[in-house]
Structures are given as structure tokens and as C-alpha cells.
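Participant: Okay, here's the structure, questions in a sec.
There are 2 protein chains.
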Amino acid sequence: MRATILHAPGDVRVEERAKPTIQNPTDAIIKVTAACVCGSDLWPYRGADSVAEPVPMGHEYVGIVDEVGAVVKNVKVGQFVIGSFFASDNTCEICQSGYQSSCVHREGVGGAQAEYMRIPLADGTLVATAELPEANKIASLLAASDVLGTGWFGAVAAEVGPGKTVAVVGDGAVGLLAILAAKQLGATRIIAMSRHEARQKLAREFGASDIVKERGDAGVAKIRELTDGLGAHCVIEAVGTQESMMQAIRSTRPGGHVGYVGVSHDVDLPGLELFFSHVHLHGGPAPVRDYLPHLIELILNGTINPGLVFDLELPLEDAAEGYRAMDERRAIKALLRP
Amino acid sequence: MRATILHAPGDVRVEERAKPTIQNPTDAIIKVTAACVCGSDLWPYRGADSVAEPVPMGHEYVGIVDEVGAVVKNVKVGQFVIGSFFASDNTCEICQSGYQSSCVHREGVGGAQAEYMRIPLADGTLVATAELPEANKIASLLAASDVLGTGWFGAVAAEVGPGKTVAVVGDGAVGLLAILAAKQLGATRIIAMSRHEARQKLAREFGASDIVKERGDAGVAKIRELTDGLGAHCVIEAVGTQESMMQAIRSTRPGGHVGYVGVSHDVDLPGLELFFSHVHLHGGPAPVRDYLPHLIELILNGTINPGLVFDLELPLEDAAEGYRAMDERRAIKALLRP
């Protein structure tokens, strides 16, 4: 089969690999309908994460079940399924508390930018739709697999709700979908921090009421200006750098909540400033599995259209162009069709 | 009047100072009934915080109102009052949300280890009792002024409640009273981390069900052993060092809550570890004012006896001995009587 492999920073190739096989009786093999390039795939692509050996890429996927292990009972061959970047049993105490991405049996899921992929712990990881979805829903269901679920967790972690003023740091797919999530969760006012016109437009379409172009200290000052000098109730951090984390913390009022979902790279939080900021801090890898049934319902009944974040669609063979376009910020997010 | 002044690290003196006077119409002057030495007073005493000039010490107090400014209406001359280390208006949006210690008009309160002290924003800061309390309640009411309120905030920030397993890092007065708070808030199991016998005894008296003597990595391993390998639901951090913060974060299960109330000194939290820990983090200076009415009620009706943390009582003149005893860990907490 054809699969996307990262050989070194900047060196992505689509090449022939063996089709994955069932390794454990809890596995499933799926034929990938669509996959995509994630902002976090750019970390190793840009050399910010090391690449010791050629790595099969991709962890966002929707597809058709091709084969199941002996004990798999929740999904069947031929069903359309959506999963996430961590496999989880969905039964342990941590899963049951809503933190499937820290499941005690957690396994990473990879190699989604390919024709086929193996899903460990298929019963706890995959969610099947009742019927094969219409073609125009595929992109949105694919978004649910990571970026929508991650933006949603950011909003939940920031305790977004009615009456709340929300600020979102980061205008990538996750930040944009955090805006959509905040809107769905009933936020009264949503401030998008973005300096890119196309992204500002999408932010408004997803529910942003205000746009702040400034970043860093100037961005913080602007947020305070818009919130009677107090800061936002809820701030969602969707970048993962020192600057974006501090921007998020400083944009939050005392007693307010920061939900952070950007994968922290070279971030060190100064204890004394955090102490006196009085903010709540919560985040990490999103428990997408917990939200999937609800998100799938919202997509299939037409309430939300998160697939709008895909502004580039390519055949799998052109995966390298997808990486380049996102790296150069020519595309928000690239969808790949095997 | 007599007042306690820190001249340099290790150099505490009780000397003659002018009696404070009303400076703003919102001020009150109180005659201090009892004050005490705080764990945080030890930071400058030990040279961990710099001492640029002689500083009047003390921020924990109960006393009798001696004089009020022109607009003060909630407290009257002759009333017994309890306050806290930050003055707050108790009316701004931040105060109303329960974060009086980040009040938009916040002012520090100091010089409590003296015969008289000035309280800014008296109406929002002081809480009067209906009658003069009995002598045997003074120590407990004094504890409410900071260490009890701070331990209580730690428990609230860690989301302690029924069904929860709670671990407490730190066996100073705040840590011990966090145990009392956790018990009052309905925790099912309370693990005290302490290696000092007298403090372990008090921990048990306040409600601890388990004692862990180990600290650092060994302490974390022990907490995991006691919690099916998962970590505690709620961890209260009451020290404020890098080691204690990491011990708290690592002792918490994914999705669990760390409430931190030790004043962070030289603490830097590693972003990536925090991200994957999946913990909630909240803390800072305790909004003691928010809890005072409830805590005073629990003390006066005999439900709690937080004054047990005072294991040394001295006349104000001997304040220096109080500092020495706490610095050398001969005393948990020293009460001073002017």
C-alpha cells in the first residue's frame, strides 16, 4: 500500500509499505477514507521534534473497517468509523472520568496518511456511524478526529459557558474550531486573536464576535481593554509556545480559566507569576473519544460544519505538498485522499 | 507602641514605633488582640526574599476596633474583628466572583505583629463577631485570618469533596489546616505527607486517614501505591518549592486537581510534563475574606479547632524567639500577644 513517511525534517515521501495486519485480538484494520496533516506534524517536519528514523505519519482519520481482531465487538467490517490519536480501552477509571487520552492502556495511533492503518483497542477507540455518511460530511467527520475534538477540549478546559467572555490564542485549525466549540457551548462573547485575513473570516463564520490582531503584550492589553480591564473569563491556548502560553495566562482575569491544547514546546511557566495570576490552568492531549458521539451527531444533523478548516485537498500521493503549504501558512489544513 | 521589625535576614526586633493613624476615610485602626508568625514571614527572615529596609512584620491578626474612618459603616469601635493579609473592597466584580485577594483595589495589610495596626478598606476586609469571643476561641479565630483560610482555599482549589482521595504536600500550619478543610469538605480519604511525629499526630487529629513519610519521587510512588497506581483525585500543595510543586503534580491522577497555596519561590513548571500530566492547576493567594463568615461560624459553634496549630505562645516582646523556633522547626506556629 501507499503510505506517507517522514525521513528527516522537510523530507516527506509517499512510498510503498506493507499493509498493516491484526497484531492483537483487540485491533482493527481500517481502509482510510480521508486523513490530514496536523499542526503537530509540523513540529518534526520543522525539526523542532527530532526524527531518529523514518516515521509513518498521520493520526487523524476516518475510514471503513476492513478487518477486526477476534475479540472486537463494537465495530464491524464495512462500517464507517472515526477514531482519534490515542487508542483507549474506554473502560478504565481514567477513561470513565472523561480522560480517555490518559487511559491506563493508552497507545499512540499512527500512520493515518496511508491507504490502510491499524487501530489498537478498536472497541474503545473507534466510533461507528449508523450509515455510511454522505460525501459532503467526510471532511467534518475527519475534523472531529482531532482538531475539532481538541478545540472542544480547550473550550471545556477553559470552562466556557453562557455569560462568559472567551479569548482564543492561535488561529490554526484547532484555534478556529475552539471558536466553534465556544459558540456551541454558549459563550456570550468570543474574541479571536488573529492577524490573517482568511482566518479572521473563518473565525467570524465559526462565531467570533471580536478580532484582536495584536499579539504578546499588545494582545494582552487589547484583551484587557475589551473586558473592563479585568481579562477574559476563559482563554483557550492553541499554539504551544512560551509566548502563546504567557499571552493566554495574562489575558485571563483572576479566577478565570485557561484551557491549553497546543502541545507545549520549550515552555516553562514561572511559578510566582502563575501564583499571583489566580488563573485556573488545565489542558493536555484532548480526550477526543469522550466527545466523538456528540460531535458526530452535531455534524450529521448539520448543526456544525468544522470541515471548513480544510482549505486544501490533495490526493495522498501529494502529501508533501500538503506539508509545504501548511508550513508556509498557505493552507490552514490539508486533507489527503488515499 | 511596640512593633516587630525585620531589619535584615535573621534580625527581628521589637521596638517603639508611632501608633498608626487613619489615612483614608475607608481605614480602620485596630488594637491587636493576637497576631502570629507566618511560614511566609520566614522567606525574608531566611534571606530568600530581599530586605531592602526595616519592615514592620505580620499579616495575621484579630483585634478590637479602635478607630474608624469617616465612611466606614460595617464595623464599629469596640467590636472584635478578623481580617486577612489583603485588603479588598468586597464589591468589585473580582471580589464578587470569590477572588477578594485579587480585588481591583487590593492593598497589602502589614504590621500585625504590633500593638495597633491600620486596616485599609475596612468595610470590605474585616468581619466582626456578634459578641466578644471567649478567650479559648482567640487562637482559632486568629488561624482563620490566614493559615486556615489558606488551607481551605487549597482544598477548594483542589476540588475536594465526597468520594475524593486527597493528598497534602507540606505539614506546616497551612498543610495541617488543609487536612482539616478537606475533612470538612467531605473527603473520603486524606493522605498527609509528613515525616515529623508531632505534625503527624495533629494531621490525624484534623482528619488524615494515612501518613506518607517519603517525599520527592519516593513520596509520589507511595501515593500511587495507595491509589491503585492512578494518583490522588485532589492534591494540596502547601510549601511553594520546585520539589513540592512537582511532587504535587506527579501525585495527581489525570483529570485530577492540584490546589497550590505555598508562595512559589524559584518555581518553573515544565510545560510538556504539565501538558501530559492532564492535571488541573489552581492556586495563589487565598481569598480568605470569602471564607471568613463560614469559618468563624464553624469555630464559634465548636465544629473545628484550628487553633491547635499554635504550639508556642509568646508575649509580643519575644517575637524574635517565635521566628527562631519556627525557622528551626521547633514550633509549628507561634502566637504573639501584644
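So the protein sequences, as listed, match chains A and B. According to this note's numbering, the first sequence is numbered sequentially starting from 297. According to this note's numbering, the second sequence is numbered sequentially starting from 297. Cβ coordinates follow ideal geometry from the N, Cα and C atoms, glycine included. On a predicted model such as this, the values are computed, not experimentally measured, just so you know.
Tell me whether the segment 382-389 of chain B and the segment 401-410 of chain B touch, counting them as touching only if at least three CB pairs, one residue from each stretch, are closer than 8 Å.
Facilitator: Yes, the segment 382-389 of chain B touches the segment 401-410 of chain B.
Participant: For the segment 546-564 of chain A, list every residue whose C-beta sits within 8 Å of some C-beta in chain B, in sequence order.
Facilitator: Listed by position, the residues of the segment 546-564 of chain A near chain B (Cβ gap below 8 Å) are Arg549, Pro550, Gly551, Tyr556, Val559, Ser560, His561, Asp562, Val563 and Asp564.
Participant: Is the Cβ-Cβ distance between Lys327 (chain B) and Glu411 (chain B) less than 8 Å?
Facilitator: Yes, the Cβ-Cβ distance between Lys327 (chain B) and Glu411 (chain B) is below 8 Å.
Participant: Just the C-alpha distance for Asp562 (chain B) and Thr537 (chain B), rounded to the nearest angstrom, thanks.
Facilitator: Computed Cα separation, rounded: 7 Å.
Participant: Does the segment 470-485 of chain B touch the segment 495-512 of chain B, meaning 3 or more C-beta pairs lie closer than 8 Å?
Facilitator: They touch, by the three-pair rule.
Participant: Using 10 angstroms around the beta-carbon of Val367 (chain B), count the other beta-carbons present and answer buried if the total reaches 16, otherwise exposed.
Facilitator: Answer is exposed; the Cβ neighbour count stays below 16.
Participant: Looking only at C-alpha atoms, which of B:Ala451, B:Val347, B:Arg414 and B:Glu617 sits nearest to Val584 (chain B)?
Facilitator: Comparing Cα-Cα distances from Val584 (chain B) to each of B:Ala451, B:Val347, B:Arg414 and B:Glu617, the minimum goes to B:Ala451.
Participant: Hey, could you find the ends of the alpha helix (DSSP H) Ile592 (chain B) is sitting in?
Facilitator: Here the alpha helix (DSSP H) through Ile592 (chain B) covers Val584 to Leu596.
Participant: Grab me the residues of Leu608 (chain B)'s own chain with a C-beta within less than 6 Å of its C-beta, minus the 5 sequence neighbours each way, in chain order.
Facilitator: Ala621, Ala627 and Ala630.
Participant: Go ahead and pull the three-state DSSP assignment for Cys530 (chain A).
Facilitator: If DSSP states are grouped into helix, strand and coil, Cys530 (chain A) belongs with the strands.
Participant: Name, in chain order, the residues that DSSP records as bridge partners for Pro566 (chain B).
Facilitator: Note: Pro566 (chain B) sits in a beta bridge opposite A:Asp564.
Participant: Mind checking Leu637 (chain B): buried by the 16 CB within 10 Å criterion, or exposed?
Facilitator: Outside the displayed span of chain B (297 to 634) sits residue 637 (chain B), for which this structure offers no information.
Participant: For the putative contact between Met489 (chain A) and Gly515 (chain A), defined by C-beta atoms under 8 Å, what is the C-beta separation to the nearest angstrom?
Facilitator: Contact flag correct, Cβ pair sits at about 6 Å.
Participant: By how many angstroms is the C-alpha of Pro566 (chain B) removed from the C-alpha of Ala582 (chain A)?
Facilitator: Taking the straight line joining both Cα atoms gives about 19 Å.
Participant: At which residues does the beta strand (DSSP E) containing Glu521 (chain A) begin and terminate?
Facilitator: From DSSP, Glu521 (chain A) is part of no beta strand (DSSP E) but of the alpha helix (DSSP H) over Gly512 to Leu522.
Participant: If you draw a straight line from the C-alpha of His492 (chain B) to the C-alpha of Glu510 (chain B), how long is it?
Facilitator: So the two alpha carbons sit approximately 11 Å from each other.
Participant: Is the segment 351-359 of chain B touching the segment 329-343 of chain B in the sense that three or more CB pairs, one from each, lie closer than 8 Å?
Facilitator: Verdict: yes, contact present.
Participant: Exposed or buried, Gln543 (chain A), counting other C-beta atoms within 10 Å across all chains shown (16 or more means buried)?
Facilitator: Label assigned to Gln543 (chain A): buried.
Participant: What distance in whole Å lies between the Cβ atoms of Gly618 (chain B) and Leu604 (chain B), which are believed to be in contact at a cut-off of 8 Å?
Facilitator: The Cβ separation is near 17 Å, so there is no contact.
Participant: Would you mind stating whether Lys369 (chain B) and Asp419 (chain B) have Cβ atoms separated by less than 8 Å?
Facilitator: For Lys369 (chain B) and Asp419 (chain B), yes; Cβs fall inside 8 Å.
Participant: If the cut-off is 9 Å on Cβ atoms, which residues from the segment 565-584 of chain B count as contacting chain A, listed in chain order?
Facilitator: Answer set for the segment 565-584 of chain B: Leu565, Pro566, Gly567, Leu568, Glu569, Leu570, Phe571, Phe572, Ser573, His574, Val575, His576, Leu577, His578, Gly579, Gly580, Pro581 and Pro583.
Participant: Quick one: what's got a C-beta closer than 6 Å to Gln409 (chain B)'s C-beta in the same chain, skipping five residues either side?
Facilitator: Result list for Gln409 (chain B): Thr300, Ala331, Met353, Gly354, Ala615 and Leu632, in chain order.
Participant: If you draw a straight line from the C-alpha of Ser560 (chain B) to the C-alpha of Ala534 (chain B), how long is it?
Facilitator: Spanning the two alpha carbons is a distance of roughly 10 Å.
Participant: Kindly indicate which three-state DSSP category Tyr395 (chain B) falls into: helix, strand or coil?
Facilitator: Coil.
Participant: By the DSSP assignment, the alpha helix (DSSP H) with Gly450 (chain B) in it spans what residues?
Facilitator: From DSSP, the alpha helix (DSSP H) with Gly450 (chain B) extends over Val443 to Ala453.
Participant: Using alpha carbons as the reference points, say which of B:Ala453, B:Asn320 and B:Phe572 lies closest to Phe571 (chain A).
Facilitator: Of the candidates B:Ala453, B:Asn320 and B:Phe572, the one whose C-alpha sits nearest the C-alpha of Phe571 (chain A) is B:Ala453.
Participant: Along the segment 364-393 of chain A, where does the CB come closer than 7 Å to a CB of chain B? Name the residues.
Facilitator: So the list reads Glu389, Ile390 and Ser393, given in the order they occur along the chain.
Participant: Is any beta-carbon of chain A found at less than 8 Å from that of Leu526 (chain B)?
Facilitator: At least one chain A Cβ lies under 8 Å of Leu526 (chain B).
Participant: Over what stretch of residues does the beta strand (DSSP E) that includes Phe376 (chain B) continue unbroken?
Facilitator: Looking at the DSSP string, the run of the beta strand (DSSP E) that includes Phe376 (chain B) is Phe376 to Ile378.
Participant: Is the distance from the Cβ of Val364 (chain A) to the Cβ of Gly374 (chain A) below 8 Å?
Facilitator: Going by C-beta atoms, Val364 (chain A) is not nearer than 8 Å to Gly374 (chain A).
Participant: Is Tyr587 (chain A) close to chain B? Criterion is C-beta to C-beta, closer than 8 Å.
Facilitator: With 8 Å as the cut-off, Tyr587 (chain A) does not count as an interface residue toward chain B.
Participant: Assign Leu428 (chain B) to one of two classes, buried (16 or more other C-beta atoms within 10 Å of its C-beta) or exposed (fewer than that).
Facilitator: Exposed: under 16 other Cβ atoms inside 10 Å.
Participant: Going by the CB atoms, is the gap between Ala517 (chain B) and Val462 (chain B) shorter than 8 Å?
Facilitator: Not a contact, by the Cβ cut-off of 8 Å.
Participant: Are Ile486 (chain A) and Val464 (chain A) touching if we call contact CB-CB under 8 Å?
Facilitator: For Ile486 (chain A) and Val464 (chain A), yes; Cβs fall inside 8 Å.
Participant: Could you give the distance in angstroms between the alpha-carbon of Trp339 (chain A) and the alpha-carbon of Asp345 (chain A)?
Facilitator: Straight-line Cα distance between these residues: approximately 5 Å.
Participant: Please list the partners that Ser398 (chain B) has in chain A, where partner means a Cβ-to-Cβ separation under 9 Å.
Facilitator: By Cβ distance, chain A contributes Arg549, Pro550, Gly551, Phe572, Ser573 and His574.
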